[in-house]
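> Following this message is one structure expressed as structure tokens.
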Amino acid sequence: MKMLPYQIIAVLGSLLLMVSGLLRFFSSGNPKELVIGILYFFANLMIFCF
Numbered sequence: 037m038k039m040l041p042y043q044i045i046a047v048l049g050s051l052l053l054m055v056s057g058l059l060r061f062f063s064s065g066n067p068k069e070l071v072i073g074i075l076y077f078f079a080n081l082m083i084f085c086f
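Its first residue numbered 37, the sequence shown is counted upward by one per residue in this note's numbering.
This is how it looks when you write it as structure tokens:
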């Protein structure tokens, strides 16, 4: 699968959002933060890559 530059940037941004969600989850213990981070990741993948 060939990726365009904006798609690579979108994936990297999604990964950063997911990591920040994970870090907030570990610091607060709130599972909602984890779910939000994962949903952001998949939403960005769908929007920019498909």
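Just so it is clear, CB atoms sit at the ideal spot from N, CA and C, and this is done for glycine as well.
Just so you know, these numbers come straight off a predicted model, no measurement behind them.
At what residues does the alpha helix (DSSP H) containing L40 begin and finish?
No alpha helix (DSSP H) contains L40, which DSSP labels as neither H nor E.
> Among A46, K38, P41 and K68, which one has its Cα closest to the Cα of I83?
Nearest of A46, K38, P41 and K68 to I83, Cα basis: A46.
> May I ask you to report which of helix, strand or coil DSSP gives N66?
Coil at N66, not helix or strand.
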